[in-house]
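Undergrad:
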Amino acid sequence: MKTQTYTLNLGPQHPSTHGVLRVVLELDGETCVGSKTHVGYLHRGIEKILEDRTYPQVIPYTDRLDYLAGINNNLVYVQTMEKMMNIEIPERAEYIRVMLAELMRIASHMVGIGIYIMDLGAISAVFYPFIEREKILDMMAHLSGSRMTFNYMRIGGLAHDIHSDFKPELDKFIVEFPRFIEDYHRLIDDNEIFIARTKNVGTITAEKAKSYGLTGPNLRACGVKHDIRKTNPYGIYNRFDFEVPVGEIGDCYDRYVVRMKEVEESFKIIQQAYKELPDGPVMAKVPKLIKPPIGDVYHQTENPKGVLGCYVVSDGTPKPSRVHFRRPSFNNISIFDEIFIGHKIADIIAILASFDFVLGEVDA
Amino acid sequence: MAIDNENGYMTQEELEEKGILLTSLDKLFNWARSWSLWPFQFGLACCAIEMICTTQARFDISRFGYEVFRNSPRQADVMIIAGTITEKMRPSVERLYHQIAEPRWVIAMGNCAISGGPFVDSYAVVPGADDIVPVDIYIPGCPPRPEALIHGMLQLKEKVNSPAKVRFKKYGK
Numbered sequence: 001m002k003t004q005t006y007t008l009n010l011g012p013q014h015p016s017t018h019g020v021l022r023v024v025l026e027l028d029g030e031t032c033v034g035s036k037t038h039v040g041y042l043h044r045g046i047e048k049i050l051e052d053r054t055y056p057q058v059i060p061y062t063d064r065l066d067y068l069a070g071i072n073n074n075l076v077y078v079q080t081m082e083k084m085m086n087i088e089i090p091e092r093a094e095y096i097r098v099m100l101a102e103l104m105r106i107a108s109h110m111v112g113i114g115i116y117i118m119d120l121g122a123i124s125a126v127f128y129p130f131i132e133r134e135k136i137l138d139m140m141a142h143l144s145g146s147r148m149t150f151n152y153m154r155i156g157g158l159a160h161d162i163h164s165d166f167k168p169e170l171d172k173f174i175v176e177f178p179r180f181i182e183d184y185h186r187l188i189d190d191n192e193i194f195i196a197r198t199k200n201v202g203t204i205t206a207e208k209a210k211s212y213g214l215t216g217p218n219l220r221a222c223g224v225k226h227d228i229r230k231t232n233p234y235g236i237y238n239r240f241d242f243e244v245p246v247g248e249i250g251d252c253y254d255r256y257v258v259r260m261k262e263v264e265e266s267f268k269i270i271q272q273a274y275k276e277l278p279d280g281p282v283m284a285k286v287p288k289l290i291k292p293p294i295g296d297v298y299h300q301t302e303n304p305k306g307v308l309g310c311y312v313v314s315d316g317t318p319k320p321s322r323v324h325f326r327r328p329s330f331n332n333i334s335i336f337d338e339i340f341i342g343h344k345i346a347d348i349i350a351i352l353a354s355f356d357f358v359l360g361e362v363d364a
Numbered sequence: 365m366a367i368d369n370e371n372g373y374m375t376q377e378e379l380e381e382k383g384i385l386l387t388s389l390d391k392l393f394n395w396a397r398s399w400s401l402w403p404f405q406f407g408l409a410c411c412a413i414e415m416i417c418t419t420q421a422r423f424d425i426s427r428f429g430y431e432v433f434r435n436s437p438r439q440a441d442v443m444i445i446a447g448t449i450t451e452k453m454r455p456s457v458e459r460l461y462h463q464i465a466e467p468r469w470v471i472a473m474g475n476c477a478i479s480g481g482p483f484v485d486s487y488a489v490v491p492g493a494d495d496i497v498p499v500d501i502y503i504p505g506c507p508p509r510p511e512a513l514i515h516g517m518l519q520l521k522e523k524v525n526s527p528a529k530v531r532f533k534k535y536g537k
């Protein structure tokens with residue numbers, strides 16, 4: 001029988017594209033035979049704006065890159081600047097930074113997993129992770145006054161010490177969180193519909209993942225044990241005991257499993273850091289006017305979405321010559337055009353959701 | 365039925381006491397609309413996450429009857445512009461607004477939708493949603509808390525209920 005292919009436009013306004021991604025699909029019946037991803041619908045020109053900001057003024061913009069994990073973005077920029085200016089930061093600030101970064105990783109994965117499973121049709125699966133996320137956001141709001149865009153880290157430490165409400169809330173969280181993990185595993189792991197929709201869907205081999213520059217949970221789901229926290233530890237991550245979970249075949253189900261395991265590992269790091277939290281100041285001696293020496297520095301950290309790199313070029317003035325970010329989501333979604341081919345439309349939605357990308361980071 | 369005032373008619377209050385309700389059809393429609401606004405699920409940036417949070421268990425916008433987020437503009441009443449509008453997105457926003465059936469309302473959520481926010485001096489950002497669509501409610505914040513969005517929706521309810529009080533819509537430069 002002779003059939004004709006047709007074009008389907010997915011986005012930029014579509015509930016399953018997690019923002020304003022646009023995918024133009026070439027379909028033969030229900031099967032995808034060609035795909036073209038269009039980005040740039042949230043391009044705000046952050047790199048150009050930052051040319052006209054002073055070094056501390058860059059920090060609030062980093063919050064708005066990957067807006068599900070603002071603290072982690074703060075971290076990569078301030079650590080780059082500390083590397084550039086050779087600033088030693090106090091122990092207490094290092095420990096608080098690790099705790100907050102890992103809390104934010106949990107919060108980001110909660111959204112990632114929740115919305116992923118909601119896109120597959122399970123509406124109740126999104127409520128439970130969001131309850132846990134709200135607890136974390138409450139803690140962060142007590143620290144910084146904001147729920148999502150924190151602007152809490154400074155070049156040389158933190159804006160101020162943790163709030164007195166933070167510790168009781170974290171104690172409560174540490175008691176309650178393991179129960180949530182247990183409940184959620186029972187709710188999702190052996191769910192037949194979830195397994196049918198995700199097993200062997202969107203499989204990526206390790207070679208292909210590496211060749212496309214995938215990082216983060218999406219890479220680890222393919223079986224590649226790559227985590228900047230282990231391979232090239234920054235801050236004080238070498239002091240903590242944690243595993244790097246990996247998947248087996250790199251399908252949608254593995255991406256869920258790796259994220260859930262990563263949440264447990266982050267929880268372990270938080271407990272260790274909380275136990276060892278020293279006293280002392282949270283801010284190093286930093287000049288009022290930040291004027292780094294001429295040169296350039298590249299630094300990378302492990303964000304919830306993958307490897308976030310920051311490249312700062314200084315020309316010796318109080319304003320950066322260039323601040324560029326290597327955004328993991330942008331590299332992660334570059335593989336879409338290839339893996340969509342051969343899948344049904346419903347599977348394409350599952351693959352889109354399983355990648356957990358953030359458009360603020362893709363387009364910058 | 366006793367007629368006791370000088371014109372020979374009963375006042376509205378007297379009628380209501382007897383269980384008779386008088387209203388115009390417009391008023392009735394507006395009352396019904398204001399209690400079940402269907403928002404358009406249209407997230408642009410960071411504020412969209414807070415919009416999702418508002419529908420979740422903790423803030424639970426369905427207490428007010430506004431939880432029916434529609435994915436198609438043709439089924440929606442109110443467009444919540446949640447995030448930065450970029451030049452590339454401008455034609456889509458404009459088109460989606462015109463696809464919503466009348467009567468329609470627009471909420472500009474967050475500083476980016478109000479005035480461009482922190483990105484106002486960028487080459488790629490539209491400085492405010494009221495450049496392209498008429499906006500009814502402005503919710504400040506970067507991003508606004510979910511309570512602020514709920515408050516904005518309730519303000520919109522007031523506005524829908526009293527069209528005579530608020531006529532002015534800012535539109536264009």
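Going down the list, the protein sequences come from chains F and B.
Using this note's numbering, the letters of the first sequence map in sequence onto residues 1 to 364.
Using this note's numbering, the letters of the second sequence map in sequence onto residues 365 to 537.
Even for Gly, the Cβ is constructed at its ideal location relative to N, Cα and C.
Bear in mind the structure is a predicted one, so any value in this text is a computation, not a measurement.
1) Return the CA-CA distance between I413 (chain B) and D183 (chain F), expressed in angstroms with no decimal places.
2) Using a Cβ cut-off of 8 angstroms, which residues of the segment 46-72 of chain F contact any Cβ in chain B, in chain order?
3) For a minimum of 4 consecutive residues, which ranges assigned as the alpha helix (DSSP H) are wholly contained in the segment 94-165 of chain F?
4) Just tell me which of F:L10, F:H43, F:G45, F:A125 has its CA closest to the CA of S436 (chain B).
5) Check the Cβ of L103 (chain F) against every Cβ in chain B and list those closer than 9 angstroms, keeping chain order.
6) Quick check on M374 (chain B): does DSSP put it in helix, strand or coil?
7) Across the segment 509-526 of chain B and the segment 482-496 of chain B, are there enough close Cβ pairs to call them in contact, namely three or more that are closer than 8 angstroms?
8) When we look at the beta-carbon of K537 (chain B) and count the other beta-carbons within 10 Å, is it buried (16 or more) or exposed?
9) Compare the C-alpha of K48 (chain F) against each of F:S329, F:V312, F:N303 and name the closest.
10) In three-state terms, what does DSSP make of M415 (chain B)?
11) D485 (chain B) versus chain F: which residues are under 8 angstroms apart at the beta carbon?
12) Run through DSSP, which three-state label would K537 (chain B) get?
13) If you measure from the CB of D190 (chain F), is any heavy atom of the ligand SAH nearer than 7 angstroms?
14) Taking Cβ to Cβ, would you say L308 (chain F) is nearer than 8 angstroms to R326 (chain F)?
15) Helix, strand or coil for G45 (chain F)? Go by DSSP, reduced to three states.
16) Provide the residue span of the alpha helix (DSSP H) that contains H515 (chain B), from first to last.
17) If contacts are defined as beta-carbon pairs under 8 angstroms, then V39 (chain F) and F336 (chain F) qualify, I think. What distance do you get, rounded to the angstrom?
18) Pick out whichever of F:E243, F:V58, F:N200, F:M81 has its Cα sitting closest to the Cα of S354 (chain F).
19) On a CA-only basis, which of F:E30, F:K2, F:P168, F:K36 is nearest P12 (chain F)? Give me that one, please.
20) Alpha carbon to alpha carbon, how far is F433 (chain B) from A107 (chain F)?
21) Between I513 (chain B) and T448 (chain B), is the Cβ-Cβ spacing less than 8 angstroms?
22) Looking at the C-beta of V489 (chain B), does it have a partner C-beta in chain F at a distance below 8 angstroms?
23) What does K452 (chain B) touch in chain F if you count any residue whose Cβ is under 8 angstroms from its own?
24) Give the straight-line distance between the Cα atoms of F150 (chain F) and S388 (chain B), rounded to the nearest whole angstrom.
25) Let me know the secondary structure DSSP gives M443 (chain B) once reduced to three states.
26) Return the bridge partner residues of W469 (chain B) from the DSSP annotation.
27) How many angstroms separate the CA atom of T231 (chain F) from the CA atom of Y237 (chain F)?
28) Assign Q13 (chain F) to one of three DSSP states: helix, strand, or coil.
29) What residues in the segment 436-466 of chain B have a beta carbon less than 7 angstroms from any beta carbon of chain F?
30) Please list the segments of the alpha helix (DSSP H) lying wholly inside the segment 186-234 of chain F, counting only runs of 4 or more residues, in order along the chain.
31) For a test of the three-state rule: what should DSSP assign to C32 (chain F), helix, strand or coil?
32) Strictly below 8 angstroms CB to CB, what residues from chain F border P355 (chain B)?
33) I'd like to check one pair, G429 (chain B) with W469 (chain B): are the Cβ atoms closer than 8 angstroms?
34) Identify which residue in F:I71, F:R179, F:F340 has its Cα closest to the Cα of Y152 (chain F).
35) Against chain F, with Cβ distances strictly below 8 angstroms, would A421 (chain B) count as a contact?
TA: With the given structure in hand:
1) 24 angstroms
2) Of all residues in the segment 46-72 of chain F, the ones placed with a Cβ closer than 8 angstroms to any Cβ belonging to chain B are I46, K48, I49, D52, P60, Y61, R64, Y67, L68, in chain order.
3) 124-144
4) The shortest Cα separation from S436 (chain B) among F:L10, F:H43, F:G45, F:A125 belongs to F:L10.
5) Simply none; closest approach about 17 angstroms.
6) coil
7) no
8) For K537 (chain B), the pLDDT reaches just 49, beneath the cut-off of 50, and the residue's location in the model is therefore unreliable, although a value from the coordinates is still provided. Exposed, by the Cβ-count rule.
9) F:V312
10) helix
11) I49, D52
12) Unreliable positioning characterises K537 (chain B) in this predicted model, as indicated by a pLDDT of 49, which lies under 50. A coordinate reading is not provided.
13) As presented, the structure is devoid of all ligands, the ligand SAH included, so that no description of it is given.
14) yes
15) coil
16) Taken as a continuous stretch (DSSP letters only), the alpha helix (DSSP H) holding H515 (chain B) covers 510-525.
17) So it is not a contact: roughly 10 angstroms between Cβ atoms.
18) F:N200
19) Here the closest residue by C-alpha is F:K36.
20) 24 angstroms
21) This sequence places Leu at residue 513 (chain B); Ile is not what is there. In this structure, T448 (chain B) does not lie closer than 8 angstroms to L513 (chain B) by Cβ.
22) So, interface residue.
23) G40, Y41, H43
24) Distance from the CA of F150 (chain F) to the CA of S388 (chain B), rounded to the nearest whole angstrom, comes to 50 angstroms.
25) strand
26) B:V442
27) 10 angstroms
28) coil
29) T448, T450, K452, M453, S456, L460
30) 192-198, 206-211, 217-220, 228-231
31) strand
32) Only positions 365 to 537 of chain B appear in the structure, and residue 355 (chain B) is not among them; the question remains open.
33) It is not a contact, given that the beta carbons lie outside the stated cut-off.
34) F:I71
35) yes
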